[in-house]
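Data block below; observations after.
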Amino acid sequence: MATPDEVIKTARPKRSTGILWDHLSEEKIAAIPELARSAPRGRDAGHPTG
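Residues -19 to 30 in my numbering are what the sequence shown spells out, letter by letter.
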C-alpha cells in the first residue's frame, strides 16, 4: 500500500486450499466434468475440498 508519505508492506490474503463448492452453481458443476466427478454428495456448503 502506498501513501503520499510512505510505502506500507501488507500481508498477502490467505487463499483457499480447495474448491469452495457454495460459490459454484449446479450448472457450472455440470458443465465441467472433473468438477462433477469431484463434487461431494450433498455439497457441504462453505467447506473447501482439495
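Note that the Cβ used here is the ideal one computed from N, Cα and C, for glycine as well.
- Beyond the five residues adjoining it in sequence on each side, A19 comes within less than 6 Å, by CB distance, of I9 in the same chain, given in chain order.
- In the DSSP assignment, S18 falls within the unbroken alpha helix (DSSP H) covering P13 to S18.
- In the displayed model, I9 falls within a helix according to three-state DSSP.
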